[in-house]
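**Q**
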Amino acid sequence: MRFRFIHAADLHLDSPLLGLSKKSQDFAARVDDASRRAFDNLVALAIEEECRLVVIAGDVFDGQWRDYRTGQFFADRMRRLSENGVRVVMIFGNHDAENRFASRLELSVNVSVLPSKQPGTVLIDEIETAVHGQSFAQREVLDNIALAYPRPIAGRFNIGLLHTAGSGREGHASYAPCSLEQLANHGYHYWALGHIHAREQLWDSPPIIFPGNLQARSIKETGAKGVTLVTVEDGAVASLEHRPLDVVRFAAETIDVSGLADREELFAAIRRQAEAAFATAEDRALALRVKLTGASALHADLMTDARNLREEVETLLASIASDIWLEKLAIETAPPPLRAGVDPTIAGGLRLAIDELAESGWLRERLSARLADIKTKLPASAHQDELLAELKAEGCERARALALALIEKGQR
Numbered sequence: 001m002r003f004r005f006i007h008a009a010d011l012h013l014d015s016p017l018l019g020l021s022k023k024s025q026d027f028a029a030r031v032d033d034a035s036r037r038a039f040d041n042l043v044a045l046a047i048e049e050e051c052r053l054v055v056i057a058g059d060v061f062d063g064q065w066r067d068y069r070t071g072q073f074f075a076d077r078m079r080r081l082s083e084n085g086v087r088v089v090m091i092f093g094n095h096d097a098e099n100r101f102a103s104r105l106e107l108s109v110n111v112s113v114l115p116s117k118q119p120g121t122v123l124i125d126e127i128e129t130a131v132h133g134q135s136f137a138q139r140e141v142l143d144n145i146a147l148a149y150p151r152p153i154a155g156r157f158n159i160g161l162l163h164t165a166g167s168g169r170e171g172h173a174s175y176a177p178c179s180l181e182q183l184a185n186h187g188y189h190y191w192a193l194g195h196i197h198a199r200e201q202l203w204d205s206p207p208i209i210f211p212g213n214l215q216a217r218s219i220k221e222t223g224a225k226g227v228t229l230v231t232v233e234d235g236a237v238a239s240l241e242h243r244p245l246d247v248v249r250f251a252a253e254t255i256d257v258s259g260l261a262d263r264e265e266l267f268a269a270i271r272r273q274a275e276a277a278f279a280t281a282e283d284r285a286l287a288l289r290v291k292l293t294g295a296s297a298l299h300a301d302l303m304t305d306a307r308n309l310r311e312e313v314e315t316l317l318a319s320i321a322s323d324i325w326l327e328k329l330a331i332e333t334a335p336p337p338l339r340a341g342v343d344p345t346i347a348g349g350l351r352l353a354i355d356e357l358a359e360s361g362w363l364r365e366r367l368s369a370r371l372a373d374i375k376t377k378l379p380a381s382a383h384q385d386e387l388l389a390e391l392k393a394e395g396c397e398r399a400r401a402l403a404l405a406l407i408e409k410g411q412r
């Protein structure tokens with residue numbers, strides 16, 4: 001027997017793409033439904049490839065819905081798969097568990113949601129397959145729930161569906177911890193994992209795979225995003241394919257300005273790398289972070305004219321394509337060594353005072369208080385804390401760098 005199935009995870013339907021609406025409303029309007037369009041691509045792929053099954057390893061939703069139509073959209077696409085003979089087996093992950101409506105959603109008969117109180121199994125007789133797994137009952141599942149997963153059923157292709165951080169991943173909570181050896185020795189033919197947003201094949205035989213999320217949501221999630229398409233022949237995995245399905249891609253380019261003489265050379269370097277990044281996006285909209293590094297005489301002008309520089313870079317990107325957006329211009333340059341003959345007395349004293357102020361904690365305390373005030377005025381979002389943490393981490397150093405740049409510029 002030969003059949004195909006899709007392994008997807010971390011759909012985060014209607015999750016906001018962080019920072020887009022704040023900095024570019026036009027771009028945000030074009031990509032606001034990116035997670036939905038990526039999911040539509042998944043549905044189309046399942047139908048086109050005549051898949052018999054789709055397994056989803058958690059985090060279908062992004063916490064509490066901002067709009068009930070999120071659930072209606074998902075239910076509608078499940079019906080479309082049903083009409084084309086595609087079964088769906090899924091588990092709820094930590095973000096789904098935060099949603100008090102997700103478990104009440106009425107889904108078409110082709111969809112099976114595995115239980116949260118204990119592991120369960122769904123048998124799909126027409127393709128001689130058994131899918132085993134357990135949903136999250138609450139956000140934090142800290143036990144090794146895979147230990148209680150059923151043993152493989154003889155004569156069937158056995159899939160384990162698990163939302164987990166495995167043995168731990170930086171930037172991800174350690175939910176449902178387990179070891180690779182434990183999963184590999186359990187006897188299943190394929191482990192469909194979720195929770196980690198970067199695609200990774202952890203084991204070859206049996207395949208143990210994180211497919212990554214379906215649509216990137218921030219600059220922390222660069223590169224192609226999509227699903228794993230699996231072909232099964234005679235009860236064994238015959239092939240694995242990563243299929244990109246995202247509609248907006250994130251990329252980061254670093255440009256060393258230390259060897260550049262002026263802004264003309266700087267913009268030429270930015271253009272070269274932006275064009276290369278857009279080519280790798282494969283006709284998708286691209287959110288591009290440009291980071292400038294290196295010690296250069298350009299440093300003071302770059303730091304003190306950051307707003308105008310950003311606008312010039314945005315104009316440059318628009319000349320390449322209409323679907324490139326400058327996600328952020330990060331200026332992390334440094335001044336060149338002090339020139340011989342410059343009296344360092346006043347400037348040196350100012351530099352010392354700025355460093356002492358930064359190290360005293362006063363500036364960080366003021367920034368924390370200001371961010372706490374801003375937080376009370378922000379709309380509810382599953383990523384609010386992440387955004388504020390980034391601002392807190394960068395704010396003090398940016399203030400220090402700007403002050404030092406002003407001192408350098410004043411010495412000229």
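Heads up: the sequence shown is residues 1 to 412, going by UniProt numbering.
By construction, the Cβ of each residue, glycine as well, lies at the ideal position given by its N, Cα and C atoms.
Fair warning: this is a prediction, and the values are worked out from it, not measured in the lab.
(1) By DSSP, does isoleucine 47 sit in helix, in strand, or in coil?
(2) Express the C-alpha separation of arginine 79 and glutamate 106 in angstroms, rounding to a whole number.
(3) Would you call the region 39-47 and the region 80-90 touching, i.e. three or more CB-CB distances under 8 Å?
(4) Ignoring anything shorter than 4 residues, give me the alpha helix (DSSP H) runs that lie fully in the region 235-283, in order along the chain.
(5) Cα separation between arginine 30 and serine 135?
(6) Where do the ends of the beta strand (DSSP E) carrying valine 55 lie?
(7) For alanine 28, name the three-state secondary structure that DSSP assigns.
(8) Count the C-beta pairs between the region 235-246 and the region 201-213 that are closer than 8 Å, then say yes if the count reaches three, no if not.
(9) From the DSSP output, in three-state form, read off valine 230 for me.
(10) If you check the beta carbons only, do arginine 289 and glutamate 265 fall under 7 Å apart?
(11) Please report the distance separating the alpha-carbon of phenylalanine 278 from that of isoleucine 255.
(12) If you draw a straight line from the alpha carbon of asparagine 110 to that of alanine 224, how long is it in whole angstroms?
(13) Alpha carbon to alpha carbon, what distance is there between asparagine 185 and isoleucine 331?
(14) Take alanine 297 and list the residues in its own chain whose beta-carbon comes closer than 6 Å to its own, dropping the five residues that flank it on each side.
(15) How is the alpha helix (DSSP H) around leucine 81 delimited, first residue to last?
(16) Tell me which same chain residues have a C-beta within less than 6 Å of the C-beta of asparagine 158, skipping the five on either side of it?
(17) Run the CB neighbour count on threonine 280, radius 10 Å, all protein chains shown included, and call it buried at 16 or more, exposed below.
(18) Whole angstroms is fine: what's the gap from leucine 309's alpha carbon to tyrosine 68's?
(19) In the DSSP assignment, the alpha helix (DSSP H) including leucine 309 goes from what residue to what residue?
(20) Isoleucine 196: which of Met1, His12, Ala252 sits nearest, CA to CA?
(21) Taking only runs of the beta strand (DSSP E) that begin and end inside the region 160-222, which ones reach a length of at least 3 residues, in chain order?
(22) Excluding five sequence neighbours on each side, which residues of the same chain lie with their C-beta closer than 6 Å to the C-beta of leucine 183?
(23) Does the beta-carbon distance from serine 116 to alanine 146 come in below 7 Å?
(24) Throw me the rounded Cβ distance for the alanine 274 and valine 248 pair, which I believe falls under 8 Å.
**A** Let me spell this out:
(1) helix
(2) 11 Å
(3) yes
(4) 263-280
(5) 34 Å
(6) 53-57
(7) helix
(8) yes
(9) strand
(10) no
(11) 16 Å
(12) 29 Å
(13) 49 Å
(14) Pro336
(15) 69-83
(16) Ala130, Pro152, Tyr188, His189
(17) exposed
(18) 41 Å
(19) 306-320
(20) His12
(21) 190-194, 200-203, 208-210
(22) Trp191, Ile208
(23) no
(24) Not really, about 16 Å apart at Cβ, beyond 8 Å.
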